[in-house]
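Below is one structure; the comments refer to it alone.
Protein chains: 2
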Amino acid sequence: MQMTLKRRETMHRLCGKGLEIFNEKGYYNTSLDDILNELSLSKGAFYHHFKSKEDYFINIVQNLIVQKVYALLVEPLNTCENPLPAILESLENALEPGKKNEMAYGFMLNDFLTEFNKRNEEISNHLKSILSVWEVNLVSVLKRGKVDGHIARHVDCEGAATYIIASFLGMRSLMMDSTNGQLKYQYIQQLKQYFNAIAAQRVAA
Amino acid sequence: MQMTLKRRETMHRLCGKGLEIFNEKGYYNTSLDDILNELSLSKGAFYHHFKSKEDYFINIVQNLIVQKVYALLVEPLNTCENPLPAILESLENALEPGKKNEMAYGFMLNDFLTEFNKRNEEISNHLKSILSVWEVNLVSVLKRGKVDGHIARHVDCEGAATYIIASFLGMRSLMMDSTNGQLKYQYIQQLKQYFNAIAAQRVAA
DNA sequence: AAGAAACCAGACTAGTGGGTCGGTTTAGAG
DNA sequence: CTCTAAACCGACCCACTAGTCTGGTTTCTT
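Residue numbers (the UniProt record's numbering), protein chains in the order written: chain D, 1 to 205; chain A, 1 to 205.
As structure tokens, then:
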């Protein structure tokens, strides 16, 4: 099955570079040749592995993007401590500029969501389902926090999750330009204020 | 100078319909013919009035979009009361589905911002400057609220403004699909929580 | 060794969409 | 009524890009 290995390797290279360039320039503003030239591959190679540009991108979404969201935004939530600081840390980390040349700034979710929204329903649905996974996990973690007495009982966990996601996506829109260092700091600070408001009151005595 | 009137009228029709369709389908996903057909105008007519598609859109931004942002998000802030409810109301109103067929959902700012971000720096800058106007006004209103004792003294007004804008932009991303009625409600509720956190404590007695 | 299957090169097709250009209509001034 | 200039028309041009096709090369199987 050596051929399968070769296949996997080429597809992997294609997906990796694809995500990189799509993230950089946007999906519709990137031609296949842009990617192919960069990898010294040809149209023939590409269409041997993927049946269309759309199929290709869905592949990228379901492999690479899903993984990233899990690693950055879902798994860090599973600490047994107070969920609020855990959420805060995951968001802060996700907004971090990429180490070295890697994907930066909580990457792309908002960008792709917006780009495909009015253009390609199928891809749009894939992306939304990723968001949905994140949301579900956020909600469940918040609810657990309520049970554990870290979050006030009156809090609407679904609403809170939606709100957190919205603010995060919005920050990505604002951080697109260069002057960003303090934006992230400001965001985290204000989020803390909000978290204070939904945290259980620690009544001393 | 009747000709100038004719000119203005045609340009006005073009801009209005343009904003409508661009908002609906996105700028790059809308061809000039899409708009021209709708108005029964020709390429020739278009290029008689605008020097390019880009020039055309900048025109739309600087006339129509600026106006809408002012009307919906800036002017409502100028009440002499507590700024927090005023902000809340302006956001709620801006997220309202358009009456009749008008532009809906706090319209387009986030969408266009994202669409042009990696594509057209000039337009991108125009849009950012609109955001900036909103931000400046938010900050000044917040600061006034601090002076008037409605907002806690420790609050970072710039940070708060950024945060409010981010959450608003993010909501737009989330509200793109159909199931939205309660999203807005959730958002407003959570925003209230946040506002509670930054409001001056009313110590009774 | 030979044949098949996977892999890849690159010219070509077809469709799209921004922008151009010469000609035609319209409307207001004299 | 004429004459001019602005407004407008629409066929055409050109650059770009997703996707196809043919043919060649490598790699595995038997």
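Don't be surprised by glycine CBs; every beta carbon is placed ideally from N, CA and C. For clarity, every value in this text was computed on a predicted model and none was experimentally measured.
Span of the alpha helix (DSSP H) around residue i
i: A:Phe46; result: Lys43 to His49
i: D:Gln67; result: Val66 to Val69
i: A:Asp177; result: A:Asp177 -> no alpha helix (DSSP H), and no H or E assigned at all.
i: D:Asn137; result: Glu121 to Val147
Spatial neighbours of residue i in its chain, beta-carbon cut-off 6 Å, leaving aside the 5 residues before and after
i: D:Ser42; result: none
i: D:Glu158; result: Val139
i: A:Ser167; result: none
Beta-carbon proximity of residue i to residue j, cut-off 8 Å
i: A:Glu75; j: A:Ile188; result: no
i: D:Tyr163; j: A:Gln182; result: no
i: A:Leu95; j: A:Phe195; result: no
i: residue 206 of chain A; j: A:Leu72; result: In the structure as shown, chain A starts at 1 and stops at 205, and residue 206 of chain A therefore has no counterpart that could be examined.
i: A:Leu77; j: A:Asn137; result: yes
i: residue 214 of chain A; j: D:Ile151; result: The question about residue 214 of chain A has no answer, for chain A in this structure spans 1 to 205.
i: D:Asn29; j: A:Lys128; result: no
i: A:Tyr27; j: A:Glu115; result: yes
i: D:Ala45; j: D:Thr10; result: yes
Assigned secondary structure, residue i (DSSP; H/G/I helix, E/B strand, else coil)
i: D:Ala152; result: coil
i: D:Ala199; result: strand
i: D:Cys80; result: coil
i: D:Leu95; result: coil
i: A:Ser52; result: coil
i: A:Met108; result: coil
i: D:Lys192; result: helix
i: A:Gly26; result: coil
i: D:Lys184; result: helix
i: A:Ser31; result: coil
i: D:Lys118; result: coil
i: D:Ser167; result: helix
i: A:Ser40; result: coil
Same chain, Cβ closer than 8 Å to residue i, five either side skipped, listed in chain order
i: D:His126; result: Ile58, Val61 and Gln62
i: A:Leu169; result: Leu109, Asn110 and Leu113
i: A:Val69; result: Leu109, Ile130, Val133 and Trp134
i: D:Lys17; result: Ile35, Glu38 and Leu39
Proximal residues to residue i (C-beta, below 7 Å), its chain only, five neighbours per side dropped
i: D:Thr79; result: Ala86
i: D:Leu174; result: Leu183
i: D:Lys53; result: Leu32
Pairs of beta-carbons, one from the region 67-86 of chain D and one from the region 142-149 of chain D, closer than 8 Å: are there three or more? yes
Quick check: the region 106-121 of chain D against the region 18-33 of chain D, are there 3 or more CB pairs under 8 Å? yes
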